[in-house]
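Residue numbers (my numbering): 102 to 323.
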């Protein structure tokens with residue numbers, strides 16, 4: 102597998118690199134979140150190992166941007182000295198898949214990496230399809246009947262969630278967390294974004310593509 106290690110402690114990084122290389126993995130390195138994002142935008146990885154306490158951009162903020170801004174779905178393992186329940190809650194809430202506390206056994210790290218890699222391969226869908234809507238997860242592009250539909254960044258986030266959850270209802274809280282994470286959105290912001298998305302999707306057709314179910318949430322109409 103191709104693995105990215107994001108870690109500012111050079112000694113720890115070199116130890117992990119040597120061990121993973123010994124077990125046949127290809128390993129790239131980044132020393133902070135900013136450098137990691139730069140690499141992930143241009144390369145594909147099977148697993149990402151992420152420290153939390155780093156300069157420039159910490160691990161929590163980095164993963165939040167990867168999941169919400171760049172729509173990266175690569176499995177991510179947090180590897181950190183922070184061991185509080187609150188730290189773990191934040192890590193999983195922003196999109197972490199696993200959490201290992203330093204100091205750690207290299208063999209356990211390898212087992213967790215192998216497990217995440219298999220999980221990523223089995224769940225690595227190339228596209229989402231609902232009726233005549235097709236979302237390419239590799240290029241982050243939406244089509245209806247092979248015609249491209251231009252979306253804003255937030256509209257992309259909403260469509261991914263709506264299509265992934267179809268035919269179930271996406272709750273208001275799920276949608277807020279998808280767009281703003283733990284932050285409280287501005288008043289009526291979600292309603293405005295849903296209205297704008299509905300307007301884009303309904304252009305040229307006679308049906309309502311996004312239904313609002315009062316007290317429940319939102320769902321795509323097939």
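Virtual Cβ for every residue (Gly too), placed ideally from N, Cα, C.
Reference residue i, options the options, closest by Cα
i           : options            : result
residue 300 : 240, 250, 138      : 250
residue 180 : 152, 236, 307      : 152
residue 244 : 228, 255, 307, 110 : 228
residue 296 : 313, 160, 185, 201 : 313
residue 208 : 311, 118, 321      : 118
residue 158 : 138, 175, 177, 148 : 138
residue 184 : 205, 134, 175      : 205
residue 160 : 189, 279, 145      : 189
residue 217 : 123, 261, 150      : 150
residue 322 : 141, 233, 199, 112 : 233
residue 304 : 258, 248, 316, 287 : 248
residue 264 : 275, 274, 230, 307 : 230
residue 102 : 268, 215, 113      : 215
residue 306 : 286, 163, 246      : 246
residue 270 : 316, 199, 258      : 316
Inter-residue spacing [alpha-carbon to alpha-carbon] between residue i and residue j
i           : j           : result
residue 309 : residue 302 : 8 Å
residue 132 : residue 266 : 35 Å
residue 84  : residue 155 : Residue 84 is absent from the model: the chain starts at 102 and stops at 323.
residue 211 : residue 126 : 10 Å
residue 235 : residue 262 : 13 Å
residue 294 : residue 213 : 38 Å
residue 272 : residue 319 : 6 Å
residue 110 : residue 143 : 24 Å
residue 197 : residue 289 : 29 Å
residue 255 : residue 279 : 9 Å
residue 260 : residue 252 : 9 Å
Endpoints, the alpha helix (DSSP H) within which residue i is located
i           : result
residue 319 : Note, residue 319: premise wrong, no alpha helix (DSSP H); beta strand (DSSP E) at 318 to 321.
residue 119 : 111 to 123
residue 278 : 273 to 281
Rounded distance between the beta-carbons of residue j and residue i, thought under 8 Å
i           : j           : result
residue 237 : residue 172 : Between residue 172 and residue 237 the Cβ distance is about 11 Å, and since that is not below 8 Å, they are no contact.
residue 168 : residue 195 : 6 Å
residue 193 : residue 175 : Not really, about 16 Å apart at Cβ, beyond 8 Å.
residue 186 : residue 148 : Not really, about 24 Å apart at Cβ, beyond 8 Å.
residue 298 : residue 277 : Wrong, their Cβ atoms sit about 14 Å apart, outside the cutoff.
residue 129 : residue 105 : 5 Å
residue 282 : residue 165 : 6 Å
residue 134 : residue 112 : About 20 Å; that fails the 8 Å criterion.
Residue range of the beta strand (DSSP E) that includes residue i
i           : result
residue 179 : 177 to 181
residue 306 : It is not in any beta strand (DSSP E) - residue 306 carries neither H nor E in the DSSP assignment.
residue 312 : 311 to 314
residue 167 : Residue 167 -> not in any beta strand (DSSP E); alpha helix (DSSP H) instead, spanning 160 to 169.
residue 104 : 103 to 107
(request) Let me know the beta strand (DSSP E) ranges lying completely inside the region 228 to 263, each 3 residues or longer, listed in chain order. (result) Runs found: 228 to 231, 234 to 237, 242 to 245, 248 to 250.
(message) Just to confirm the assignment: which complete beta strand (DSSP E) runs, minimum length 3, are found wholly within the region 120 to 154?
(response) Those beta strand (DSSP E) runs which fall completely within the region 120 to 154 and span 3+ residues are 127 to 131, 148 to 151.
(message) Report the start-end ranges of each alpha helix (DSSP H) in the region 185 to 214 that is 4 residues or longer and not cut off at the edges.
(response) Runs of the alpha helix (DSSP H) inside the region 185 to 214: 186 to 194.
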